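A.B. asks:
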Amino acid sequence: MADHRLLKMGSLHQGTYSVEQFRSNRQVADVQSSLHAVTDFTQLGLNTNLYRAICRMGFAKPSRIQEAALPLLFEDPPVNMMAQAQSGTGKTAAFLLAALTRVRPEDRWPQILVILPTLELAEQIAQACKRMLIHTPHVLIRHAVRGQVLSREEKVTEHVVIGTPGKLLDWTLRYRLFDMKKIRVFILDEADIMLAESGHYGSVINIHRQLNLTGGCQMLLFSATFSDEVMELADAIIGTPFVKLTLRHDQLALSNIRHFYMETRSDEEKLEAISNLYQCLSIGQCVVFCRSRSIANCITETMVQLGQNVAQLHGDLETAQRLAAIDGFRRGHQKVMVTTNVCSRGIDIIQVSLVINFDLPLFRDKNIDLETYYHRVGRSGRFGRPGTAVNLIHPERDYELEAVDQIQQVFKIDMTKVDFHNDDEVMGLMEHTEGVPGDAGA
1 MADHRLLKMG
11 SLHQGTYSVE
21 QFRSNRQVAD
31 VQSSLHAVTD
41 FTQLGLNTNL
51 YRAICRMGFA
61 KPSRIQEAAL
71 PLLFEDPPVN
81 MMAQAQSGTG
91 KTAAFLLAAL
101 TRVRPEDRWP
111 QILVILPTLE
121 LAEQIAQACK
131 RMLIHTPHVL
141 IRHAVRGQVL
151 SREEKVTEHV
161 VIGTPGKLLD
171 WTLRYRLFDM
181 KKIRVFILDE
191 ADIMLAESGH
201 YGSVINIHRQ
211 LNLTGGCQML
221 LFSATFSDEV
231 MELADAIIGT
241 PFVKLTLRHD
251 QLALSNIRHF
261 YMETRSDEEK
271 LEAISNLYQC
281 LSIGQCVVFC
291 RSRSIANCIT
301 ETMVQLGQNV
311 AQLHGDLETA
321 QRLAAIDGFR
331 RGHQKVMVTT
341 NVCSRGIDII
351 QVSLVINFDL
361 PLFRDKNIDL
371 ETYYHRVGRS
381 GRFGRPGTAV
391 NLIHPERDYE
401 LEAVDQIQQV
411 FKIDMTKVDF
421 HNDDEVMGLM
431 EHTEGVPGDA
441 GA
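Residue numbers (the UniProt record's numbering): 1 to 442.
Shown next as structure tokens:
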């Protein structure tokens with residue numbers, strides 16, 4: 001566990017980010033010299049193969065999170081980091097780039113461990129990692145997700161292991177397929193859900209306990225949101241010295257996304273509202289979030305009747321089906337993804353211009369789950385592109401109206417009411433997105 005006798009070394013505001021440094025009173029490492037932004041990847045001293053790869057991936061210059069985080073992540077000896085970054089801002093590239101620079105290809109054992117909450121995210125991160133390693137074929141990647149089976153006699157020899165908590169707990173604690181003491185970089189993506197006590201906390205802690213925390217293992221925790229509870233849990237496990245990068249509160253609003261609501265008194269009216277959206281607008285790609293598999297089936301049936309190609313994503317699907325659904329949607333074979341919360345985090349599909357909350361994300365006590373709302377609507381507006389979020393609200397349910405008010409207050413946004421019966425209002429809804437008025441089924 002981390003030493004709680006921490007000294008706050010200093011803090012500063014670096015544009016979008018507040019940067020704080022902490023160290024144990026027994027340690028002397030100082031990251032003050034790295035508290036500056038980089039404006040070009042050439043300033044990082046990347047090896048030629050990684051630099052060629054990121055250029056090929058289309059990275060012209062660092063994003064804001066990359067500007068702030070990368071100089072610190074490249075420190076030697078390594079500095080641990082807890083970093084907050086909006087959806088679609090390049091946080092994945094930041095932690096992968098930093099981690100891959102620490103791989104020793106001649107050592108044929110796992111050195112980088114990346115843990116994510118879902119197999120879809122694990123697959124996405126693995127694909128990004130493969131693209132970064134396009135010119136470095138001797139650095140190998142292993143997936144640790146449901147469906148990947150190894151015998152107890154086998155050993156994992158790949159340099160980078162990317163997986164989900166349950167499978168990794170089996171591989172490390174039950175079967176000991178690789179030596180956790182040799183891990184050089186430990187990464188938790190979507191750290192808020194990974195460390196929430198209602199999430200994967202127990203599995204993550206059991207994996208974390210196997211690390212060699214005194215041997216220079218770098219710990220990186222990334223997420224778009226951090227609750228106070230998760231901040232405390234993260235403080236307890238992250239080693240020192242560490243740096244905390246947090247977004248200023250006014251940066252959480254995702255100003256490139258416009259938010260609307262429509263008053264609907266039943267699931268049937270919600271389906272009618274969606275139908276009218278597609279009859280009035282030409283929409284690029286859309287993600288529809290709902291509360292259950294049965295509702296997902298109803299939405300899918302309606303969309304198919306409108307001539308749309310639809311993908312479904314929910315937890316009851318087999319691994320291959322879930323990955324195929326994401327892949328088909330990413331390739332544009334389907335224009336609509338109907339899903340439960342499986343798709344609310346981290347899935348980067350840049351063509352998505354519209355998110356529809358068929359059902360608001362609510363806790364059991366009917367209070368709004370603000371973090372899930374934030375992650376859901378963040379499926380549109382990726383990498384600063386314009387996006388639109390439409391929320392279907394029952395006007396006689398006070399808790400849903402209160403949820404709308406709370407979303408506006410917390411994220412400092414205006415959520416505009418649109419009458420789904422009024423074609424003119426509907427056609428004006430997506431003025432700033434890639435969708436334009438046109439024929440249904442586009």
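We treat Cβ as the ideally placed atom computed from N, Cα and C, and that holds for glycine.
The structure presented is a predicted model; accordingly, all values stated were derived computationally and were not measured.
Within 10 angstroms of its Cβ, does P110 collect 16 or more other Cβ (buried), or is it exposed?
C.D. replies: Taking the first residue of the sequence shown as 1, we reach residue 110 at position 110. Classification of P110: buried, given that the 10 Å Cβ count is 16 or more.
A.B. asks: Please list, in chain order, all residues of the same chain as S63 whose beta carbon is under 6 Å from its beta carbon, the five residues on each side excluded.
C.D. replies: Start at 1 with the first residue of the sequence shown, and residue 63 comes out as number 63. Excluding sequence neighbours, S63 sits near T89, G90.
A.B. asks: Residues bridged to I368 by DSSP?
C.D. replies: To locate residue 368, count along the sequence shown from 1; it is residue 368. Bridge partners of I368: L362.
A.B. asks: What's the call for Y261, buried or exposed, on a 16-neighbour Cβ count within 10 Å?
C.D. replies: By one-based count along the sequence shown, residue 261 stands at place 261. Buried, by the Cβ-count rule.
A.B. asks: According to DSSP, is V79 helix, strand or coil?
C.D. replies: Here the question's residue 79 lines up with position 79 in the sequence shown. In this structure, V79 counts as coil in the three-state DSSP scheme.
A.B. asks: Going by C-alpha to C-alpha distance, which of R56, A85, H200 sits closest to residue 516?
C.D. replies: For the chain, the structure presents residues 1 to 442; residue 516 sits outside this window and is missing.
A.B. asks: Report the option in K335, R364, S380 whose CA atom is closest to the CA atom of S353.
C.D. replies: Taking the sequence shown and counting its residues from 1, the one referred to as residue 353 is at position 353. Of K335, R364, S380, the residue nearest in Cα terms is S380.
A.B. asks: Quick one: give me the first and last residue of the alpha helix (DSSP H) that Q406 is part of.
C.D. replies: As a first step, residue 406 must be located in the sequence shown, where it is residue number 406. From DSSP, the alpha helix (DSSP H) with Q406 extends over 398 to 411.
A.B. asks: Around the C-beta of N422, are 16 or more other C-beta atoms found within 10 angstroms, so that it is buried, or is it exposed?
C.D. replies: For this step, residue 422 is matched to residue 422 along the sequence shown. With fewer than 16 Cβ atoms within 10 Å of its Cβ, N422 is classed as exposed.
A.B. asks: Going by beta-carbon coordinates alone, are V404 and L277 separated by less than 8 Å?
C.D. replies: As a working note, residue 404 is residue 404 in the sequence shown. As a working note, residue 277 is residue 277 in the sequence shown. No, Cβ-Cβ distance for V404 and L277 is not below 8 Å.
A.B. asks: Nearest to I393 by alpha carbon, out of H135, E263, I274, I205?
C.D. replies: Translated into positions along the sequence shown, residue 393 becomes position 393. Ranking H135, E263, I274, I205 by Cα distance to I393 puts E263 first.
A.B. asks: Pick out whichever of F226, H259, R265 has its Cα sitting closest to the Cα of T246.
C.D. replies: Locating residue 246 in the sequence shown gives position 246, where the first residue counts as 1. Nearest of F226, H259, R265 to T246, Cα basis: F226.
A.B. asks: Could you compute how far the alpha carbon of L429 sits from the alpha carbon of V156?
C.D. replies: Taking the first residue of the sequence shown as 1, we reach residue 429 at position 429. Taking the first residue of the sequence shown as 1, we reach residue 156 at position 156. The alpha-carbon atoms of L429 and V156 are separated by roughly 51 Å.
A.B. asks: Excluding five sequence neighbours on each side, which residues of the same chain lie with their C-beta closer than 6 Å to the C-beta of L221?
C.D. replies: As a working note, residue 221 is residue 221 in the sequence shown. Here the set comprises M82, L188, A191, A234.
A.B. asks: Nearest-angstrom Cα distance between I274 and I407?
C.D. replies: Your numbering for residue 274 matches position 274 in the sequence shown. Your numbering for residue 407 matches position 407 in the sequence shown. The straight-line gap from Cα to Cα measures roughly 22 Å.
A.B. asks: Within 10 Å of its beta-carbon, does Q279 have 16 or more other beta-carbons around it, so buried, or fewer, so exposed?
C.D. replies: Position 279 of the sequence shown holds residue 279. Flag for Q279 reads exposed.
A.B. asks: Who are F186's beta bridge partners in DSSP?
C.D. replies: Taking the sequence shown and counting its residues from 1, the one referred to as residue 186 is at position 186. L113, M219, per the DSSP bridge assignment.
A.B. asks: Given that a residue counts as buried once 16 or more other Cβ atoms are within 10 Å of its Cβ, and exposed if not, what is V149?
C.D. replies: On the sequence shown, position 149 is the one that residue 149 refers to. Exposed is the call here.
A.B. asks: For H13, which residues from the same chain have a beta carbon less than 7 Å from its beta carbon, with the 5 sequence-adjacent residues on both sides left out?
C.D. replies: As a working note, residue 13 is residue 13 in the sequence shown. Reliability of the predicted coordinates at H13 is poor, the pLDDT of 47 falling under 50, and the value obtained from them is presented with this limitation in mind. Nothing meets the Cβ criterion.
A.B. asks: Could you pull out every residue in the same chain whose Cβ sits closer than 6 Å to the Cβ of G147, ignoring the five residues on either side in sequence?
C.D. replies: Counted from its first residue, the sequence shown places residue 147 at position 147. Closer than 6 Å at Cβ, skipping near neighbours: T319.
A.B. asks: What is the DSSP secondary structure of G387, reduced to helix, strand or coil?
C.D. replies: Reading the sequence shown from its first residue, position 387 is the one you call residue 387. In this structure, G387 counts as strand in the three-state DSSP scheme.
A.B. asks: Quick one: Cα of L213 to Cα of V79, how far?
C.D. replies: Taking the sequence shown and counting its residues from 1, the one referred to as residue 213 is at position 213. Taking the sequence shown and counting its residues from 1, the one referred to as residue 79 is at position 79. Cα to Cα, L213 sits roughly 12 Å from V79.
A.B. asks: Between the C-alpha atoms of V139 and V114, what's the straight-line distance to the nearest angstrom?
C.D. replies: Residue 139 sits at position 139 when you count from the first residue of the sequence shown. Residue 114 sits at position 114 when you count from the first residue of the sequence shown. Distance between the alpha carbons of V139 and V114: 15 Å.
A.B. asks: Taking Cβ to Cβ, would you say I112 is nearer than 8 Å to V185?
C.D. replies: As a working note, residue 112 is residue 112 in the sequence shown. As a working note, residue 185 is residue 185 in the sequence shown. In this structure, V185 lies closer than 8 Å to I112 by Cβ.
A.B. asks: Cβ of G166 within 8 Å of Cβ of S223?
C.D. replies: Here residue 166 refers to the residue found at position 166 of the sequence shown. Here residue 223 refers to the residue found at position 223 of the sequence shown. No; because the gap between Cβ atoms is not below 8 Å, this pair is not in contact.
A.B. asks: Pick from N309, E232, E269: whose alpha carbon is nearest that of N391?
C.D. replies: Numbered from 1 along the sequence shown, position 391 holds the residue referred to as residue 391. Ranking the options by Cα distance to N391, first place goes to E269.
A.B. asks: Nearest by alpha-carbon distance to D179: which of R108, V243, L195 is it?
C.D. replies: Locating residue 179 in the sequence shown gives position 179, counting from the first residue. Taking only the C-alpha atoms, the option nearest D179 is R108.
A.B. asks: If contact is defined by three or more beta carbon pairs under 8 Å, each pair taking one atom from either stretch, is the segment 323 to 338 in contact with the segment 285 to 293?
C.D. replies: Short answer: they touch.
A.B. asks: Can you name the start and end residues of the alpha helix (DSSP H) that E301 belongs to?
C.D. replies: In the sequence shown, residue 301 corresponds to position 301, counting from 1. First-last of the alpha helix (DSSP H) with E301: 293 to 305.
A.B. asks: Any idea which residues DSSP pairs Q124 with across the strands?
C.D. replies: In the sequence shown, the residue the question calls residue 124 occupies position 124. Paired residues: none, contrary to the question.
A.B. asks: So is A53 buried or exposed if we call it buried at 16+ other beta carbons inside 10 Å?
C.D. replies: Within the sequence shown, the letter at position 53 stands for residue 53. A53 is buried by the Cβ-count criterion.
A.B. asks: Does DSSP put Q86 in a helix, a strand or coil?
C.D. replies: By one-based count along the sequence shown, residue 86 stands at place 86. DSSP places Q86 in coil when its eight states are reduced to three.
A.B. asks: Report the three-state DSSP secondary structure of C286 (helix, strand or coil).
C.D. replies: Translated into positions along the sequence shown, residue 286 becomes position 286. Strand, per DSSP.
A.B. asks: Can you tell me where the alpha helix (DSSP H) with K167 in it begins and where it stops?
C.D. replies: For the purposes of this step, residue 167 is identified with residue 167 of the sequence shown, where counting begins at 1. Its alpha helix (DSSP H) spans residues 165 to 169.
A.B. asks: Which whole-angstrom value is the C-beta distance of V355 and R376, which I expect to be below 8 Å?
C.D. replies: Looking up residue 355 in the sequence shown gives position 355. Looking up residue 376 in the sequence shown gives position 376. V355 to R376, Cβ: 6 Å. Contact.
A.B. asks: Can you give me the Cβ contacts of Y175 inside the same chain, cut-off strictly under 6 Å, excluding the 5 residues immediately before and after it?
C.D. replies: If you number the sequence shown from 1, residue 175 lands on position 175. Contacts found: R152.
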